[in-house]
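2 protein chains.
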Amino acid sequence: MTISYSEFIKEAHLEGFEDSEKYRAWEPKIKKYREKLVNSIPEEFKITLPTDVAELQEKGFNGVDFLYKSGVLSSKEIEITDMSASDLLGQMASSELSAEEVFKAFAHRACVAHQLTNCAAEIFYDEGLERARSLDKYLKEKGTTIGPLHGLPISLKEQMNYAKKTTHGGYVSQLTNVPEKHGITTQVLENLGAVFYVRTNQPQSLMHLDSNNNVTGATRNPYHLGLSPGGSSSGEGAIVTLGGSSIGVGTDIGGSIRGPAAFSGCHGLRPTSKRVSTSGGVSSGMGQESVLAVAGPLARTIDEIDLFMKNYLNAGKPWELDGSLVPMKWRDVPVPEPQKLTVGIMCDDGLVKPSPPIVRALKFASEKLKAAGVNVVDFKPIKTDVASDTVLKMYNCDGNEKQRQLLSASGEPLTELTKYILSQGDGSKPYSVQQNRVLNFIRDGLRTEYTEAMVKQKVDIILCPTYNNVAPRPEKIFNWSYTSLFNALDFPSLSLQTGLFQDPSIDTWDDGHKNYVFRNDLEKLECALYNPVLFKGAPIALQVATRRYFDEELVAASKLLVKLFGTK
Amino acid sequence: MTISYSEFIKEAHLEGFEDSEKYRAWEPKIKKYREKLVNSIPEEFKITLPTDVAELQEKGFNGVDFLYKSGVLSSKEIEITDMSASDLLGQMASSELSAEEVFKAFAHRACVAHQLTNCAAEIFYDEGLERARSLDKYLKEKGTTIGPLHGLPISLKEQMNYAKKTTHGGYVSQLTNVPEKHGITTQVLENLGAVFYVRTNQPQSLMHLDSNNNVTGATRNPYHLGLSPGGSSSGEGAIVTLGGSSIGVGTDIGGSIRGPAAFSGCHGLRPTSKRVSTSGGVSSGMGQESVLAVAGPLARTIDEIDLFMKNYLNAGKPWELDGSLVPMKWRDVPVPEPQKLTVGIMCDDGLVKPSPPIVRALKFASEKLKAAGVNVVDFKPIKTDVASDTVLKMYNCDGNEKQRQLLSASGEPLTELTKYILSQGDGSKPYSVQQNRVLNFIRDGLRTEYTEAMVKQKVDIILCPTYNNVAPRPEKIFNWSYTSLFNALDFPSLSLQTGLFQDPSIDTWDDGHKNYVFRNDLEKLECALYNPVLFKGAPIALQVATRRYFDEELVAASKLLVKLFGTK
Numbered sequence: 001m002t003i004s005y006s007e008f009i010k011e012a013h014l015e016g017f018e019d020s021e022k023y024r025a026w027e028p029k030i031k032k033y034r035e036k037l038v039n040s041i042p043e044e045f046k047i048t049l050p051t052d053v054a055e056l057q058e059k060g061f062n063g064v065d066f067l068y069k070s071g072v073l074s075s076k077e078i079e080i081t082d083m084s085a086s087d088l089l090g091q092m093a094s095s096e097l098s099a100e101e102v103f104k105a106f107a108h109r110a111c112v113a114h115q116l117t118n119c120a121a122e123i124f125y126d127e128g129l130e131r132a133r134s135l136d137k138y139l140k141e142k143g144t145t146i147g148p149l150h151g152l153p154i155s156l157k158e159q160m161n162y163a164k165k166t167t168h169g170g171y172v173s174q175l176t177n178v179p180e181k182h183g184i185t186t187q188v189l190e191n192l193g194a195v196f197y198v199r200t201n202q203p204q205s206l207m208h209l210d211s212n213n214n215v216t217g218a219t220r221n222p223y224h225l226g227l228s229p230g231g232s233s234s235g236e237g238a239i240v241t242l243g244g245s246s247i248g249v250g251t252d253i254g255g256s257i258r259g260p261a262a263f264s265g266c267h268g269l270r271p272t273s274k275r276v277s278t279s280g281g282v283s284s285g286m287g288q289e290s291v292l293a294v295a296g297p298l299a300r301t302i303d304e305i306d307l308f309m310k311n312y313l314n315a316g317k318p319w320e321l322d323g324s325l326v327p328m329k330w331r332d333v334p335v336p337e338p339q340k341l342t343v344g345i346m347c348d349d350g351l352v353k354p355s356p357p358i359v360r361a362l363k364f365a366s367e368k369l370k371a372a373g374v375n376v377v378d379f380k381p382i383k384t385d386v387a388s389d390t391v392l393k394m395y396n397c398d399g400n401e402k403q404r405q406l407l408s409a410s411g412e413p414l415t416e417l418t419k420y421i422l423s424q425g426d427g428s429k430p431y432s433v434q435q436n437r438v439l440n441f442i443r444d445g446l447r448t449e450y451t452e453a454m455v456k457q458k459v460d461i462i463l464c465p466t467y468n469n470v471a472p473r474p475e476k477i478f479n480w481s482y483t484s485l486f487n488a489l490d491f492p493s494l495s496l497q498t499g500l501f502q503d504p505s506i507d508t509w510d511d512g513h514k515n516y517v518f519r520n521d522l523e524k525l526e527c528a529l530y531n532p533v534l535f536k537g538a539p540i541a542l543q544v545a546t547r548r549y550f551d552e553e554l555v556a557a558s559k560l561l562v563k564l565f566g567t568k
Numbered sequence: 001m002t003i004s005y006s007e008f009i010k011e012a013h014l015e016g017f018e019d020s021e022k023y024r025a026w027e028p029k030i031k032k033y034r035e036k037l038v039n040s041i042p043e044e045f046k047i048t049l050p051t052d053v054a055e056l057q058e059k060g061f062n063g064v065d066f067l068y069k070s071g072v073l074s075s076k077e078i079e080i081t082d083m084s085a086s087d088l089l090g091q092m093a094s095s096e097l098s099a100e101e102v103f104k105a106f107a108h109r110a111c112v113a114h115q116l117t118n119c120a121a122e123i124f125y126d127e128g129l130e131r132a133r134s135l136d137k138y139l140k141e142k143g144t145t146i147g148p149l150h151g152l153p154i155s156l157k158e159q160m161n162y163a164k165k166t167t168h169g170g171y172v173s174q175l176t177n178v179p180e181k182h183g184i185t186t187q188v189l190e191n192l193g194a195v196f197y198v199r200t201n202q203p204q205s206l207m208h209l210d211s212n213n214n215v216t217g218a219t220r221n222p223y224h225l226g227l228s229p230g231g232s233s234s235g236e237g238a239i240v241t242l243g244g245s246s247i248g249v250g251t252d253i254g255g256s257i258r259g260p261a262a263f264s265g266c267h268g269l270r271p272t273s274k275r276v277s278t279s280g281g282v283s284s285g286m287g288q289e290s291v292l293a294v295a296g297p298l299a300r301t302i303d304e305i306d307l308f309m310k311n312y313l314n315a316g317k318p319w320e321l322d323g324s325l326v327p328m329k330w331r332d333v334p335v336p337e338p339q340k341l342t343v344g345i346m347c348d349d350g351l352v353k354p355s356p357p358i359v360r361a362l363k364f365a366s367e368k369l370k371a372a373g374v375n376v377v378d379f380k381p382i383k384t385d386v387a388s389d390t391v392l393k394m395y396n397c398d399g400n401e402k403q404r405q406l407l408s409a410s411g412e413p414l415t416e417l418t419k420y421i422l423s424q425g426d427g428s429k430p431y432s433v434q435q436n437r438v439l440n441f442i443r444d445g446l447r448t449e450y451t452e453a454m455v456k457q458k459v460d461i462i463l464c465p466t467y468n469n470v471a472p473r474p475e476k477i478f479n480w481s482y483t484s485l486f487n488a489l490d491f492p493s494l495s496l497q498t499g500l501f502q503d504p505s506i507d508t509w510d511d512g513h514k515n516y517v518f519r520n521d522l523e524k525l526e527c528a529l530y531n532p533v534l535f536k537g538a539p540i541a542l543q544v545a546t547r548r549y550f551d552e553e554l555v556a557a558s559k560l561l562v563k564l565f566g567t568k
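From first to last, the protein sequence lines stand for chains A and B. For the first sequence, the UniProt record's numbering gives the first residue as 1, with consecutive numbering after it. For the second sequence, the UniProt record's numbering gives the first residue as 1, with consecutive numbering after it.
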C-alpha cells in the first residue's frame, strides 16, 4: 500500500509552467485580493470560531452544526434562509417578505459559511443590498415582479464572467482580467430577478475534484472542516450546503458540479450540454468541444433544481443570447410512479471499487427503491476503461497548451493536483487534429452503446456512486471515473444526498478486502486512502444519470428517490 | 477577365495523393462496378436518347421535358410517380395502390432518370421488388402497415452505409468497403417501411458543389444536360427532380443538399445538426465536429420535406439508435399568416454578387411576399468573410490528412475541383488542436451574432441566394459562401424553387456591371463564368434559413413562400 499519486504522473512535460521570478510580481496582487476579501465581510457578520481553523480541521469540526447551534444567526434569519426557493419567491412576490430582508439573511449566512469554509472568492454586500432594494422599489411601483426569480439570492462560481469584476478562475494570471459584460448565464439570471452578492472558490486550473489555488487557497467541507468540499465548483458545494445562497451555479467538465454537491452535502445537476450557457468565463477549454463543459445548479432540494432549470430555460430563453445553445424548453414531467420506474444500479464501474460508506448507501438505496415497488435491475458497466481513458485524453489533447498559457503567464507554483491532471491522458503531448477526431468518434460510439443498452433494457435511470468514496481529504482525490463517464456520454447526471453520513464504526472494509486483488494502480491508491476514522460524519451521496436531453425525467425521478430516502 | 480557378489554388501540398502505378490495380474494379451499373437497368426500362449524350449536353437538352413528352413512361406510371408522398402512403395503406405497383413505376422512372443524367451509383431492382411485395404481404396478413412510410420509394446518397453493399462515397479506394450494417438513417427509414432500390452519385472527396468522380463519372442536370446538377448530393438532386423517387436523402456540410436541390430543380432541407443521423457512412469527416455534416431530405414539394422530417423523427426515434442525436420531436407548426411573418432579405452576401437570374428571382420573391402582406426587411450580412474563411479552414484543418488517406489509398487522379477544395482554408497545413479550438470559438461568436441580430430585428427567416448563380457548368463552381454560411452557423436552411427559369433574353448583366469593381478575385472569377446563353432554362431557386433548431418554423414558412411563388 505504498503507492503515491506521483507514480501516476507520467511524462508530464511541465517545463515552462512555473517561474518564481515572474511570480514575485504577482504576489502583491494576490495579497491585495485576499485583503479585499477579508474586508468585504461586514463587521457585524464577523464570527469567532471555537479554536483556530487548523485545530477544527484536525478535529473534523461540523460547520453545519455550528451554524444552527451557535446562535450566530437569528431564528428569523434561519427561518428565511431555510425556506424553499419557491416559498421565498412566492412571499417576495406577494410582499410578505421584502427582497431586502431575504438578501440580508442570506448574506449574513453566506458570510458565516465563508468564515467556516473559505468558500467565497468575492463578497459584495453593498451591491447586493442595493439590488435587493431596487427590486423592492420596482415591485412597489409597478405592482409586479421583475421576473420569476425576483429577489432570489444566487451564488455564482467565480469563473463565470461578472461585469466589471475581476474574474480569475483560480489562475493568478487572470487577476487582471476584468470583463466588460456578464457571462450569458449570469446575465440571464439577472434578467430574471436574481440577487448576486457572492462569487465562489475553485481550484487552480479548474481541473481538480478539490479546491486549492494560489489566490485564496482551499475551501473546507461544511460537515467536516478537515475534508475537501470537492471541486471544481468547490465554493458552491460549501455555500449551498450551508444555506448561504438559495441556489448556486457551478460548472462541470469531469464532475465539477456533482463532486462538490456530493461531498459537501447538497444536490447538484450536470445538465445535458448546450442547455445552460457557459459562454463568457475563464477556462482552459475555450472552443474545446470533445467533452463539453456545462453549467448547472446546486441546491438543498431537488425541487429547487427543478425550479432553477424551468425558470432559467422557459423564462430566460438563453438561446436568444447564446447561439450555441439548443432551444429546448424545460418540460413538465411528473414524478414517476415507483411501479413504472426502472432503475439500473451500477455498484462498481469495474475500475475503482467503492469504499464501505458508498457500498452501504447503494444497498440502502436499492432496498428503499425495491420496498417502494421500483423495478431495480443491475446495470453492467460498458467499456468504462475506454470512457475514462478517452475523456482524460480529450482534456489535454492540445498538449496542455491553453493551461500552459494561463498558468505560465504568472509563473505561479503548480499545486500537486494540477500536476496530476496535466499528466493524465497523454500529458503535454499534442495530438493532431485527426487524432482528436478519432477520440470524438470513440466517444460517439460510447454514447450509442449506452443509449442502446438503456433502451434495450428499458432502464429509465442509472444509479451509481458519484465517486468511489465520500468527501476526500484535501488534495487526495485522483479518480474521476464515476463522474467523467457521464461527461464523455454527455448524459444528464445528478448527485443526490441519501441522508446517510459516514460512520467509522460500521463503514469498515469487509473481510474480503484484505485479500482483494486490485484491478489497477489507481484502485490500489484510492482504496489505500480510505481509513474509516478519517471520514467521520461525511455526507454520503450517490449519482443518477440518464440519456441525453432527458434532464426533466432525471430530475423528476430524483424527486422520487430523495422522498424514498427520507430527504428532500 | 482572365482569372482561372487555378490561381486560387494556394500552396496545396498535394504530394502523396496521386499514384498512377497504384491506381492501375484499381481500374478493373472500377470497370466491373460500371458494368454492373449498366447491367442493373432492366432491359424493358432501357431507352434510346435522340442523339448521343455529348450532343444533348451541347444543346442543353431538357430531360424533364423528355420524360413527360417522349412516352417512355405510361400515363399510369406518370400518374403514380407524380402523386404526393402523402397520397401514395394513404393509397398504399388503404390498398388502393399496392407497394409493388408504386415501386415498379418509380423504379422505371428512376431508370429513365439515370439514363438521362447518370444520377445512380447503384440500382437494385430485384431487391426493391422483393421488399415491395413483402410489404404488400405484410399489409394483407396483418391488416396494418409496417410503419408510416410503408411502401414509399426513397433514394439514398451512395455515401450512406448500406448493409452488404459496396459503399465508396466517391472514393475509388472504398470500392472494397462493404459495411455489415445499414447506416442509422437508412435503418430508421427501413424500419418505417421505405423501399430502397437506388443509391445515387456524388463527387470525389464529397467536397464539390458538383458531381464528378472516378468511379461512375459526373451526373447531368435534369433541365439542361450540359449543366451540373450540383453536389455533393448530385444524384439526389437529379433523381428527385425527375421523380425517380418520392423523397431522397442527401448530406450537407457546405451546401451539398441545397446546391443540388437548387440547381437540379427540387427543394432540399439542411436540418439543424444532430436531428437526422449521419452515423455510418464513408466520409473524410469522421469525428470532425467544428462544422457538422447533416443529412436531410430532397423532394418536389415542401409538404414532402415536412412529411419526411415528421415521420423520421416522431416515429423513427433515431436518437434511440444514435446516441449523438438531440431527441427533439418534429413539432406541428402551422403555415404562418403572411401578416405575421417577417422575412429578412439578404440579396448579396458582400462577397460574391448574384448573377442576373438570381437578382430577378430575389426581386420576384420580394414582390410576391410584399403583395401578400409579409413584412419584408433588409437583412445585412454579418461578417460573411469571417464565416467563409472559418468554415473553409475547418474543413481541412487536419491538414487534409483524412482526405489524403482515402484518396491516396488508390492513388486515383484528383479532379480539378478536388484540388481546389483541398487548397482552400490553409491547404494541407495541419492545425494544432488549440488552433482548431480557436476556429470553434470564432464560429460560436458568429452564431451568437446572427441569433442576436434576428431576435433584435424580429426576423423570422432570412431569404437569400443558394449560390450566386443558377446551376453551374460542370467543374465550374468555386464559391460556397451563400450555403456554407449556414453550415458555420448551423442554421436550418432550405433551397426552394421559385418556379422561374433562366432566360437568356432577360437575364443579362445590367449596365452597371461593366464598370463594377470586383470586391475580390473569387467574385471576379464567378462573375466571369456567367454568360446568359449558357444557362438557358436552368431552374432558379433561392435559399431560406432561420435560427438553430427552428427547422419546423422554416419548413412552415417555406410552404407559404412556394404558395406565393405559385409552386408547391
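Where a beta carbon is used, it is the ideal one built from N, C-alpha and C, also for glycine. All of these numbers come straight from a predicted model, not from anything done at the bench.
*Could you give the DSSP three-state label for B/A471: helix, strand or coil?*
Walking along the second sequence from the start, residue 471 of chain B turns up at place 471. Coil, per DSSP.
_Contact set between B/K324 and chain A, taken where Cβ atoms lie within less than 8 Å_ = One-based indexing of the second sequence puts residue 324 of chain B at position 324. Looking at the sequence shown, residue 324 of chain B is not Lys but Ser. In chain order: D444, R447 and T448.
*Tell me, to the nearest whole angstrom, how far the beta carbon of A/R275 is from that of A/D551; I am working on the premise that it is less than 8 Å.*
In the first sequence, counting from the first residue as 1, residue 275 of chain A sits at position 275. In the first sequence, counting from the first residue as 1, residue 551 of chain A sits at position 551. With a Cβ gap of about 7 Å, A/R275 and A/D551 count as contacting.
*Starting from the beta carbon of A/K402, find every residue of chain B whose beta carbon is closer than 7 Å, and list them in chain order.*
For the purposes of this step, residue 402 of chain A is taken as the residue at position 402 of the first sequence. Here the neighbours are Q434.
*Start-to-end residues for the beta strand (DSSP E) that takes in B/R220*: On the second sequence, position 220 is the one that residue 220 of chain B refers to. Unbroken run through B/R220: none, as it is neither H nor E.
*Alpha-carbon spacing of B/L37 relative to B/D52, whole angstroms*: In the second sequence, residue 37 of chain B corresponds to position 37, counting from 1. In the second sequence, residue 52 of chain B corresponds to position 52, counting from 1. Each residue's Cα considered, the two are about 19 Å apart.
*asked:* DSSP three-state label for B/D210, please.
replied: Looking up residue 210 of chain B in the second sequence gives position 210. Coil, per DSSP.
*asked:* Using a Cβ-Cβ distance cut-off of 8 Å, determine whether A/C397 contacts chain B.
replied: Taking the first residue of the first sequence as position 1, residue 397 of chain A is located at position 397. Chain B contact via Cβ: present.
*Quick one, which of B/N400, B/L209, B/D389 and B/N531 has its alpha-carbon nearest B/S505's?*
Here residue 505 of chain B corresponds to residue number 505 of the second sequence, with the count starting at 1. Checking every option, the nearest Cα to that of B/S505 belongs to B/N531.
*With a 10 Å radius around its C-beta and 16 neighbouring C-beta atoms as the bar for buried, classify A/A371 as buried or exposed.*
Indexing the first sequence from 1 puts residue 371 of chain A at position 371. With fewer than 16 Cβ atoms within 10 Å of its Cβ, A/A371 is classed as exposed.
*Can you pull the chain A residues whose beta carbon is under 7 Å from the beta carbon of B/N440, in chain order?*
Residue mapping note: residue 440 of chain B aligns to position 440 of the second sequence, counting from 1. Correct list: G287 and E289.
*By DSSP, does B/T200 sit in helix, in strand, or in coil?*
On the second sequence, residue 200 of chain B is found 200 positions in, with the first residue counted as 1. Looking at B/T200 - three-state DSSP - the assignment turns out to be strand.
_Assess contact between the segment 119 to 139 of chain A and the segment 211 to 230 of chain A, defined as three or more Cβ pairs (one per stretch) separated by less than 8 Å. Is contact present?_
yes
*Applying a beta-carbon distance threshold of less than 8 Å, which residues of chain A neighbour B/Y431?*
Counted from its first residue, the second sequence places residue 431 of chain B at position 431. Under the 8 Å cutoff, chain A gives V433.
*When the distance is taken between beta carbons, is B/A293 closer than 8 Å to B/I253?*
Here residue 253 of chain B corresponds to residue number 253 of the second sequence, with the count starting at 1. Here residue 293 of chain B corresponds to residue number 293 of the second sequence, with the count starting at 1. Yes, the Cβ-Cβ distance between B/I253 and B/A293 is below 8 Å.
*What does residue 571 of chain B reach in chain A if we use C-beta pairs closer than 8 Å?*
The structure shown does not extend to residue 571 of chain B, since chain B is modelled only from 1 through 568, so no value can be given for it.
*Would you mind giving the Cβ-Cβ distance between B/D444 and A/S324, rounded to the nearest angstrom? I have them listed as a contact below 8 Å.*
One-based indexing of the second sequence puts residue 444 of chain B at position 444. One-based indexing of the first sequence puts residue 324 of chain A at position 324. B/D444 to A/S324, Cβ: 5 Å. Contact.
*Residue interval of the beta strand (DSSP E) (run including A/R270)*: On the first sequence, residue 270 of chain A is found 270 positions in, with the first residue counted as 1. That run of the beta strand (DSSP E) goes H267 to R270.
*What residue from B/V562, B/I123, B/P539 and B/V533 has the CA that sits closest to B/E58's CA?*
Counted from its first residue, the second sequence places residue 58 of chain B at position 58. Answer by Cα proximity: B/V533.
*Just the C-alpha distance for A/T136 and A/I154, rounded to the nearest angstrom, thanks.*
As a working mapping, residue 136 of chain A is identified with position 136 in the first sequence. As a working mapping, residue 154 of chain A is identified with position 154 in the first sequence. Here residue 136 of chain A turns out to be Asp, not Thr, going by the sequence shown. A/D136 and A/I154: Cα-Cα distance of roughly 17 Å.
*asked:* Given this structure, state the Cα-to-Cα distance separating A/M328 from B/E553, to the nearest angstrom.
replied: Position 328 of the first sequence, counted from the first residue, corresponds to residue 328 of chain A. Position 553 of the second sequence, counted from the first residue, corresponds to residue 553 of chain B. Near 14 Å, if we compare the C-alpha coordinates of B/E553 and A/M328.
*First and last residue of the uninterrupted alpha helix (DSSP H) at B/D551*: The residue you call residue 551 of chain B lines up with position 551 of the second sequence. Here the alpha helix (DSSP H) through B/D551 covers D551 to F565.
_Less than 8 Å between the C-beta atoms of B/L369 and B/V343, yes or no?_
For the purposes of this step, residue 369 of chain B is taken as the residue at position 369 of the second sequence. For the purposes of this step, residue 343 of chain B is taken as the residue at position 343 of the second sequence. Yes, they are a contact pair.
*asked:* So if DSSP puts B/V377 in a beta bridge, which residue, or which two residues, is it bridged to?
replied: Here residue 377 of chain B refers to the residue found at position 377 of the second sequence. Answer is B/G344, bridged to B/V377.
*Is A/R437 close to chain B, meaning its C-beta is less than 8 Å from at least one C-beta of that chain?*
Within the first sequence, the letter at position 437 stands for residue 437 of chain A. Taking Cβ atoms only, chain B reaches closer than 8 Å to A/R437, which makes this a yes.
_Neighbour list for A/M328 in chain B, Cβ cutoff strictly below 9 Å_ = Here residue 328 of chain A corresponds to residue number 328 of the first sequence, with the count starting at 1. Result: V326, M328 and Y549.
*What number of angstroms, rounded off, separates the C-alpha of A/T145 from the C-alpha of A/R131?*
Counted from its first residue, the first sequence places residue 145 of chain A at position 145. Counted from its first residue, the first sequence places residue 131 of chain A at position 131. In a straight line, the C-alpha of A/T145 is about 13 Å away from that of A/R131.
*Leaving aside the five residues before and after A/R360 along the sequence, list all residues of the same chain whose C-beta is less than 8 Å from its C-beta, in chain order.*
To locate residue 360 of chain A, count along the first sequence from 1; it is residue 360. Closer than 8 Å at the Cβ level, and outside the excluded window around A/R360, lie L500, I506, D507 and I540.
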